[in-house]
Amino acid sequence: MLLSTDWLKEAYGIALPPELLAERLTMAGLEVDSMERAAPEFSGVVVAQVLTLNPHPDADKLRVASVDSGHGEPLQIVCGAPNVAVGVKVPLATIGAVLPGDLRIKKSKLRGVESFGMLCSARELGLSDEHAGLLILPEDAPVGADIRDYLRLNDAIIDIDLTPNRADCFSMLGLAREIAQLCRAELGADYRLPPLETAGVAISSDATLTIENRAPQDCPRYLGRIIRGIDIGRATPPHIAERLRRAGIRTHDPVVDITNYVMLTLGTPLHAFDADKVQGGIIIRQANAGETLRLLNDSEATFTGDELLIADTEKALAIAGVMGGVDSACSDTTQNIILEAAWFNPPRIAGKARRFSLSSDSAQRFERGVDYTLQETAINLAARLITEICGGEAEEIAASVSATDLPQRSAITLQRAAIAQRVGREYDDAIVTHILEGLGGDVQYRDGIWTIIPPSWRFDLAIPADLIEEIARIDGYAHVPDRLPAVEYQHGAGEKRALRYYGDVLVAQGFQEAVTYSFIDRASHQAFFPEATTINLQNPISANLAEMRLSLLPGLVNAVIYNRNRQQQDVRLFEIGRVFLPQTDKTIADCAQPTRLAGVMSGLAAPEQWAAEARKIDFFDVKAVVETLLLQIPGISYHPSQQTYLHPGKGADIYDSEGRYLGCVGALHPQLLQTLDSRGGEIYAFELDDLAWLPAAHLPRYRTIGKFPAVRRDLALVVDKNIAAADILACIRTQIGALLADTWCFDLYQGVSLGNKQSLAVAILLQDSEKTLQDEEVASIIDATVTQLKNTFNAELR
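The working numbering puts the sequence shown at residues 433 to 1230.
Right, dumping it as structure tokens:
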């Protein structure tokens, strides 16, 4: 929303420094993106009037004008603008003037005729792109006045980035309300916003417009008015056109300009139809599946059946609250119009503009919620301005109102103690009452309890916490103490604690946390999951964010590739977030949304240094990370991965002792890296399937140190190459039981002499907590273990 400080001053009497306004608005949550003047810097330009006009002796397209600049004798100016005429008042850049772009005006000769300045167009002053002719000023413009002062071009334009909950600030009225609250000290205790202008237009006849509302729950209030006999060819008054320009809206014709002007003033969008193109009155209805409408931007919308339309008896006229159609639009020949003002239920409008790839000021307001009491005020103001500018006669308003379907504002009860509990400080009762009354609602106070009925323009006020936020925000966040809240330690599991714990574990291992989009592009999904069913968005933000992610890995891998393309090879990223898995025979809303933990690694295992040879990350580096995360889960086993995006020889699926799938780990498939156009070597990744089964944190457990010596025995086992070391170790654990202190594989040999077999060297550490193990007992345990390995894997001692 662009705020004109000059408009604010003229309409609401708020004349405060722009810097103060920007600071207060930002600190109150209405972030200011930028602040600029209404026109770029220039100097030496005055209001001038053309006195005489003669042909140029040597150029057919040039003319020689005598111009009164208001300072001394008339000046001779050579001009080629087609709209220059005797008597018009235009901007004159005098000798020495500096125009935008550092264009300096000097005395010059054009085809042999001296020119003592330049008559300017709007583009030459940086006011617009219009360059078809001179900027014609109103007849009452004072000759000799500085053009910056006359047009108020020193006006500061503040660009405010509004959050979705502050739809009430999408108008000058709403911003004036907000500023009056935030700057009450500067404006004074007696300041009040001027009352709304409610004067209507002279009525020529009763309403002849008929309205049939077939969807009162979606459109509880619809007002329409016919204005006949207008001259749409007249010019929009300069002050309205200039206010629209400063608000970032291009001018069209007086009717469109006035509806936009009223929308900016009150926040209530309006629309005008050519009455002669509407057959049989207005009908508010649902769209028919397959129905089409050619829109004002010349695109064609095809409806699915859940859209709300404004129609007549023969055709659709507009997408309600979004955009009108070409067939009912006003044109240069329009003489009679239907002016509409309505209130639409926000959920029925939300998303419709994005569905049809539209950008609409009205949709931006309607989908957030507009004041449902201002439609009559808005249509009266617009009708009066249209008849004053374009002539014509207005009929009475035709209305369709379903009072039971309009928003019902329920009272909110706020207790004094709740404020201190949430904010961390107490407020004087008078200050709280003053702030709540400033919101515009009905406020009652008794015995430390406030009861407020929120105003019709504040849809974001519904519960006591909303009012507490307003109190802290308007009084100033700087007045909120920076004390840490008292936190009671709670022992036990919980997903949030797990997220923090495992995130800390990865950060300690050199990872950085990434937050990627929950949406992903089709190409990345196809590369990772070519056969998987995905959840597609109906109205994606962009084509690259069109599907809900099935895994965290595509986003993380794309982040690694992005870094590699910018000469950052050593990358370790992790993410904790939800994925969205469609379920058979269930709706999209019922999709599974497990929280997963994933990480990616590439580059060197350790920074390059003098003490050790540089080594690239391998499978065992990423497996070690996973081992650390799964430290508290017993019986973890690894099996060749079934994930197609992992390297067949460098990937493993992870299972617990009960055979439950926990996730996967390994190197990405070379074909996948080629598809993603990744250069720079292998990328290793891991993804844990669901954090719900992970312990909330690593809790140390006491275990006594053995008093009796441990005994180690090493076995060199010859087995088939397809037998995993993990299976050998699992068999040893099961066979030996409680006397096994530890076992691990410390060597692997594969050679021609062994053929299709391999030699695994396994260490077995035995220890009894109650006595020293004797050699005979150890030998018996080892013999039984070798026999079990022989029976299970056909293993032979080497």
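In this text, a Cβ means the ideal position worked out from N, Cα and C, and glycines have one as well.
Stretch-stretch touch, CB-based, cutoff 8 Å, three pairs: the segment 623-634 with the segment 730-749: no
Top-ranked residue by Cα proximity to residue 1226, from 1158, 638, 1151: 1151
Rounded distance between the beta-carbons of residue 803 and residue 731, thought under 8 Å: With a Cβ gap of about 30 Å, residue 731 and residue 803 do not count as contacting.
DSSP three-state assignment for residue 958, whether helix, strand or coil: helix
Buried versus exposed, by CB contacts within 10 Å (16 or more), residue 1052: exposed
Contained alpha helix (DSSP H) runs [length at least 4] in the segment 594-658, N- to C-terminal order: 604-614, 616-619
Proximity winner among 842, 609, 634, relative to residue 698 (alpha-carbon distances): 609
Local Cβ density within 10 Å of residue 563, reported as buried at 16 or more and exposed below that: exposed
Cutoff 7 Å; reference residue 1037; Cβ partners in own chain excluding five residues on either side: 1047, 1048, 1049, 1053
Local Cβ density within 10 Å of residue 521, reported as buried at 16 or more and exposed below that: If you draw a 10 Å sphere on the C-beta of residue 521, you find 16 or more other C-beta atoms in it, and that means buried.
Among 491, 482, 1216, nearest to residue 544 - alpha-carbon criterion: From the listed residues 491, 482, 1216, the smallest Cα separation to residue 544 is found for 491.
Whole-angstrom distance between residue 841 and residue 784, CA atom to CA atom: 26 Å
Segment limits, alpha helix (DSSP H) that includes residue 986: 985-996
Extent of the continuous beta strand (DSSP E) run through residue 973: No beta strand (DSSP E) holds residue 973; DSSP gives it neither H nor E.
Alpha carbon of residue 1201 to alpha carbon of residue 1138, nearest angstrom: 6 Å
According to DSSP, residues forming a beta bridge with residue 845: Note: residue 845 sits in a beta bridge opposite 883.
Buried versus exposed, by CB contacts within 10 Å (16 or more), residue 1083: buried
Strand pairing of residue 1181, partner residues [DSSP]: 1191
Backbone CA spacing between residue 911 and residue 938 [nearest angstrom]: Those two C-alpha atoms are separated by around 38 Å.
Extent of the continuous beta strand (DSSP E) to which residue 495 belongs: 491-500
Three CB pairs or more closer than 8 Å across the segment 957-967 and the segment 999-1008: Flag = no, the segment 957-967 and the segment 999-1008 do not touch.
Bounding residues of the alpha helix (DSSP H) (the contiguous stretch that carries residue 576): Segment: none, residue 576 is in no alpha helix (DSSP H) and carries neither H nor E.
Residue nearest to residue 678 in terms of C-alpha spacing, selected from 688, 663, 696, 662: 696
Own chain residues within Cβ distance below 8 Å of residue 1180, not counting five before or after: 1157, 1190, 1191, 1192, 1193
Among 480, 477, 469, 518, the one whose alpha carbon lies nearest that of residue 486: 518
Cβ-based burial, residue 466 [other Cβ within 10 Å; buried from 16]: Its Cβ having fewer than 16 others within 10 Å, residue 466 is exposed.
Short Cβ contact (8 Å threshold) for residue 771 with residue 814: yes
One or two residues paired with residue 769 in a DSSP bridge: 659, 706
C-beta atoms of residue 985 and residue 1119 nearer than 8 Å: yes
Endpoints, the beta strand (DSSP E) within which residue 516 is located: Here residue 516 belongs to no beta strand (DSSP E), and DSSP marks it neither H nor E.
Residue 752 beta carbon less than 8 Å from that of residue 735: no
Boundaries (first-last residue) of the beta strand (DSSP E) holding residue 1119: 1116-1120
Stretch pair the segment 652-666 + the segment 821-830: three plus CB contacts closer than 8 Å: Enough Cβ pairs lie closer than 8 Å, so yes.
Which listed residue (584, 775, 1164, 1070) has its alpha carbon closest to that of residue 1098: 1070
Beta-carbon contacts of residue 430 that lie in its chain and below 7 Å, excluding the five residues immediately before and after: Because residue 430 is not part of the residues shown, which for the chain are 433 to 1230, the question remains open.
Length of the line joining the Cα atoms of residue 503 and residue 525: 13 Å
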